[in-house]
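K.L.:
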Amino acid sequence: MQYADCHTHTNLSPDSDAGISDMIAAAKRADLAAYAVTDHIELCRWYPQGYYKARPRNDEDFFNYADRFERSMQQNLIARQQTGELTFISGIELGEPDADFALAERIYTDKRLDFVIASLHELQGKLDFYFLNYADEDVDTLLERYFSTLLEIAAHNCYDVLGHITYPLRYVEGDAGIAVDISKYCGCIAEIFRTVIRSGKGIELNTSGFRQKYGKPFPDAELLRLYKDLGGKILTLGSDAHRPEDVAGGIAEGAALAKAVGFDRIGCYQHHDPYYITI
Ligand SMILES: [Zn+2]
Ligand SMILES: [Zn+2]
6 MQYADCHTHT NLSPDSDAGI SDMIAAAKRA DLAAYAVTDH IELCRWYPQG
56 YYKARPRNDE DFFNYADRFE RSMQQNLIAR QQTGELTFIS GIELGEPDAD
106 FALAERIYTD KRLDFVIASL HELQGKLDFY FLNYADEDVD TLLERYFSTL
156 LEIAAHNCYD VLGHITYPLR YVEGDAGIAV DISKYCGCIA EIFRTVIRSG
206 KGIELNTSGF RQKYGKPFPD AELLRLYKDL GGKILTLGSD AHRPEDVAGG
256 IAEGAALAKA VGFDRIGCYQ HHDPYYITI
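So the sequence shown is residues 6 to 284, counted in the numbering used here.
What follows is the structure, given as structure tokens:
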């Protein structure tokens, strides 16, 4: 069975050292039908440093993603000519679109893009969930803010799928070992799903969690079932690989989980139009 990996990074993302040709070679070795490069474009850092009058908050805090976006689109344009039988999807992972929704919606219409994943990695005024010290945080307040911001993002025309919708659990449950009663947020999550579905958009099943301490995809089977029950039809699979070894990682397991929940196909995108691969 051939699958698609719709979420991967290259060294144009601050947290990856991988050259795009090595990533494409890995995608070919994995016998994928389609492969997306979705480098990080952080909207809270779109402009040069002077605009924010701020110092980098950590080693991965870069400015001027406008320039990075141009380089990414150039790189994807060249890559598209090198993938042969493998369908190339020119994408971005648009982080923190809530920083500027008008800009996010403008970027979404760029003709060089096939596919946009909208992701929320940090709340306004806070660091990326990766950098938080959970002993000092009110996890409940953080998660309430996280899901309500995701609901706002879902209502804007700046994405094709919402990325890893349970991202904070990777750190809260996976790394800090704090149990989360997700049912407290299910009302808001259901509203996110209804908004996504009504807008003709989708969500991704991010399989990176299979290879992390968390051990489950984002979202897990329970929330994936909720999405299906509410009428969700568009589901993409993404490994979130930042290195060649992880390309297509967990995709077969993710497809099996999607099938068990009742999906008989997974989504891919060209020019923001979904098409499907039967699983
Ligand atoms: Zn992400
Ligand atoms: Zn990613």
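Even glycine gets a Cβ: it sits at the ideal position worked out from N, Cα and C.
Kindly identify the DSSP beta-bridge partner or partners of V42.
P.N.:
According to DSSP, which records beta bridges pairwise, V42 is partnered with S95.
K.L.:
What residue range is occupied by the uninterrupted alpha helix (DSSP H) comprising Q79?
P.N.:
Its alpha helix (DSSP H) spans residues Y70 to R85.
K.L.:
If you measure between the beta carbons of D302 and Y274, is that distance less than 8 Å?
P.N.:
This structure does not reach residue 302, given that the chain is present from 6 up to 284, and the question cannot be answered.
K.L.:
With a threshold of 16 other CB atoms inside 10 Å of the CB of Y57, please say whether the residue is buried or exposed.
P.N.:
Y57 should be labelled exposed.
K.L.:
Can you give me the Cβ contacts of N69 inside the same chain, cut-off strictly under 8 Å, excluding the 5 residues immediately before and after it?
P.N.:
Here the set comprises R50, W51, Y52, P53 and Q54.
K.L.:
With H, G and I counted as helix, E and B as strand and the rest as coil, what does DSSP make of F300?
P.N.:
Absent from the structure is residue 300, since the part of the chain shown begins at 6 and ends at 284.
K.L.:
Taking D44 as the reference, give the member of Q80, D133 and D165 with the closest Cα.
P.N.:
Measuring from the Cα of D44, the nearest candidate turns out to be Q80.
K.L.:
Could you please go through the chain and list the residues whose beta-carbon is closer than 7 Å to any non-hydrogen atom of ligand 2?
P.N.:
Answer in sequence order: H12, H14, T43, H45, E98, S124, G168 and D245.
K.L.:
What's the gap between the Cα of I202 and the Cα of Y232?
P.N.:
Straight-line Cα distance between these residues: approximately 9 Å.
K.L.:
Given R76, which residues of its chain have a CB within under 8 Å of its CB, disregarding the five upstream and five downstream residues?
P.N.:
Excluding positions up to five away in sequence, the list reads L17.
K.L.:
Bridge partners of L242, per DSSP?
P.N.:
BP columns for L242 point to L210.
K.L.:
Among P19, Q86, R73 and I83, whose alpha-carbon lies nearest the alpha-carbon of N63?
P.N.:
Taking only the C-alpha atoms, the option nearest N63 is P19.
K.L.:
Given this structure, state the Cα-to-Cα distance separating H277 from V121, to the nearest angstrom.
P.N.:
Approximately 8 Å between the Cα atoms of the pair.
K.L.:
For the region 92 to 105 against the region 125 to 135, do three or more pairs of beta-carbon atoms, one drawn from each stretch, fall closer than 8 Å, so that the two count as touching?
P.N.:
Touching, per the Cβ criterion.
K.L.:
Grab the span of the alpha helix (DSSP H) containing Y151 for me, first residue to last.
P.N.:
From DSSP, the alpha helix (DSSP H) with Y151 extends over V144 to A159.
K.L.:
Using the C-alpha atoms, what's the distance from A260 back to G214?
P.N.:
Those two C-alpha atoms are separated by around 14 Å.
K.L.:
From which residue to which residue does the alpha helix (DSSP H) around T283 run?
P.N.:
Taken as a continuous stretch (DSSP letters only), T283 belongs to no alpha helix (DSSP H), being part of the beta strand (DSSP E) at D278 to T283.
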